[in-house]
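**Student:** From first to last, the protein sequence lines stand for chains A and B.
Residue 1 is where the first sequence starts when you use the numbering used here, and the numbers rise one by one after that.
Residue 1001 is where the second sequence starts when you use the numbering used here, and the numbers rise one by one after that.
The structure under discussion is supplied below as structure tokens; questions concerning it will follow.
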Amino acid sequence: AQSVTQLDSQVPVFEEAPVELRCNYSSSVSVYLFWYVQYPNQGLQLLLKYLSGSTLVKGINGFEAEFNKSQTSFHLRKPSVHISDTAEYFCAVSRSSNTGKLIFGQGTTLQVKP
Amino acid sequence: DSGVTQTPKHLITATGQRVTLRCSPRSGDLSVYWYQQSLDQGLQFLIQYYNGEERAKGNILERFSAQQFPDLHSELNLSSLELGDSALYFCASSAQGEGFTDTQYFGPGTRLTVL
């Protein structure tokens, strides 16, 4: 069975500071990794995904994530956050199968303060 | 705007009742997914349809059922509702339905409240 653990439920940070949202996964097979963002009262939007190749993945809105196979991690980073980045962030995995089933972590609330 | 539409936006009903949630995928997308988001369970995959056929099943209760119609819209039917079914139900769509190549586009969700 595979699972996703987001290590922090809430991350408060000041505007223009760097941030890292942590995600660890467990799986006995190859996985594909995703970060989604959910703004208040909205659906989820894909930030970035890792399928293969370079372990550093760049996404939208200045976010990037690094896939670390030995540590089974896929942490999300941004060098300088804005108030508008305040949202819930979800890490998700998908197995290498012919389905699109996503397993989500519990989510991390990023609170950007002025 | 993701291009995925869900109706209704809000639904309030009583225990024991039956409701139907509707989802229209993005134009051209063949695959539809249903997810449930609740405070205690988080975001959970329920079921996936691809071009009218069930492709994958998750933690979907027997009281729940879904289908995808020839025009590719999908409906999620929830029956014998319980208080614990109160949640946000998301629909997502993707072009083909393979997790490692497709991007899933999420609708705004239907908030179900069971009283």
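Note that the Cβ used here is the ideal one computed from N, Cα and C, for glycine as well.
For clarity, every value in this text was computed on a predicted model and none was experimentally measured.
Between which two residues does the beta strand (DSSP E) carrying P12 of chain A extend?
**Tutor:** Counting from 1 along the first sequence, the entry for residue 12 of chain A is found at position 12. Q10 to F14 is the span of the beta strand (DSSP E), which, as asked, contains P12 of chain A.
**Student:** Between the alpha carbons of R22 of chain A and F90 of chain A, how many angstroms are there, rounded?
**Tutor:** By one-based count along the first sequence, residue 22 of chain A stands at place 22. By one-based count along the first sequence, residue 90 of chain A stands at place 90. Between R22 of chain A and F90 of chain A, the C-alpha separation is close to 10 Å.
**Student:** Express the C-alpha separation of F1106 of chain B and Y1089 of chain B in angstroms, rounding to a whole number.
**Tutor:** Residue mapping note: residue 1089 of chain B aligns to position 89 of the second sequence, counting from 1. Residue mapping note: residue 1106 of chain B aligns to position 106 of the second sequence, counting from 1. Their Cα atoms are separated by approximately 10 Å.
**Student:** Which first and last residues belong to the beta strand (DSSP E) in which V29 of chain A is found?
**Tutor:** Working through the first sequence from its first residue, we reach residue 29 of chain A at position 29. Taken as a continuous stretch (DSSP letters only), V29 of chain A belongs to no beta strand (DSSP E), as it is neither H nor E.
**Student:** Buried or exposed, going by whether 16 or more other CB atoms sit within 10 Å of the CB of F1069 of chain B?
**Tutor:** Within the second sequence, the letter at position 69 stands for residue 1069 of chain B. Classification of F1069 of chain B: exposed, given that the 10 Å Cβ count is below 16.
**Student:** Could you check whether T1110 of chain B and Q1006 of chain B sit closer than 9 Å to each other, using their CB atoms as the reference points?
**Tutor:** If you number the second sequence from 1, residue 1006 of chain B lands on position 6. If you number the second sequence from 1, residue 1110 of chain B lands on position 110. Yes.
**Student:** Residues of the segment 1004 to 1016 of chain B in Cβ contact with chain A at a cutoff of 7 Å, in chain order, please.
**Tutor:** Of all residues in the segment 1004 to 1016 of chain B, none has a Cβ within less than 7 Å of some Cβ in chain A.
**Student:** Enumerate in chain order the residues of its own chain whose CB-to-CB distance from Y32 of chain A is below 6 Å, with the five nearest sequence positions on each side excluded.
**Tutor:** In the first sequence, residue 32 of chain A corresponds to position 32, counting from 1. Hits under 6 Å: L51 and S94.
**Student:** Verify whether the separation of the beta carbon atoms of D1102 of chain B and G100 of chain A is less than 9 Å.
**Tutor:** Mapped onto the second sequence, residue 1102 of chain B falls at position 102. Mapped onto the first sequence, residue 100 of chain A falls at position 100. In this structure, G100 of chain A lies closer than 9 Å to D1102 of chain B by Cβ.
**Student:** Output the distance between the C-alpha atoms of A1087 of chain B and D1040 of chain B, rounded to the nearest integer angstrom.
**Tutor:** Sequence index remark: in the second sequence, residue 1087 of chain B carries index 87 (1-based). Sequence index remark: in the second sequence, residue 1040 of chain B carries index 40 (1-based). In a straight line, the C-alpha of A1087 of chain B is about 10 Å away from that of D1040 of chain B.
**Student:** Roughly how many angstroms separate the alpha carbons of A1014 of chain B and S1080 of chain B, rounded to a whole number?
**Tutor:** For the purposes of this step, residue 1014 of chain B is taken as the residue at position 14 of the second sequence. For the purposes of this step, residue 1080 of chain B is taken as the residue at position 80 of the second sequence. Spanning the two alpha carbons is a distance of roughly 9 Å.
**Student:** Rounding to the nearest angstrom, what Cα-Cα distance links S1065 of chain B and L1078 of chain B in this structure?
**Tutor:** Walking along the second sequence from the start, residue 1065 of chain B turns up at place 65. Walking along the second sequence from the start, residue 1078 of chain B turns up at place 78. Straight-line Cα distance between these residues: approximately 7 Å.
**Student:** Does DSSP classify L1072 of chain B as helix, strand or coil?
**Tutor:** Position 72 of the second sequence, counting from 1, holds the residue named residue 1072 of chain B. The answer is coil: DSSP assigns L1072 of chain B none of H, G, I, E or B.
**Student:** Under 9 Å between beta-carbons, which chain A residues line up against G1042 of chain B? List them in chain order, please.
**Tutor:** Numbered from its first residue, the second sequence carries residue 1042 of chain B at position 42. Within chain A, the residues near G1042 of chain B are F90, F104, G105, Q106 and G107.
**Student:** For N1051 of chain B, which of helix, strand or coil comes out of DSSP?
**Tutor:** Translated into the one-based positions of the second sequence, residue 1051 of chain B becomes position 51. N1051 of chain B: coil per DSSP, three-state reduction.
**Student:** Let me check understanding here. Comparing Cα to Cα, which of A:S30, A:G107 and A:A65 lies closest to D8 of chain A?
**Tutor:** Along the first sequence, one-based indexing puts residue 8 of chain A at 8. Here the closest residue by C-alpha is A:G107.
**Student:** Taking the alpha carbon of L1021 of chain B as the point to measure from, which residue in B:D1029, B:G1028, B:H1010 and B:S1031 has its own alpha carbon closest?
**Tutor:** Start at 1 with the first residue of the second sequence, and residue 1021 of chain B comes out as number 21. Cα-wise, what sits closest to L1021 of chain B is B:H1010.
**Student:** Could you please give the first and the last residue of the uninterrupted beta strand (DSSP E) stretch that includes N61 of chain A?
**Tutor:** The residue labelled residue 61 of chain A in the question sits at position 61 within the first sequence. Run containing N61 of chain A: none; DSSP gives neither H nor E here.
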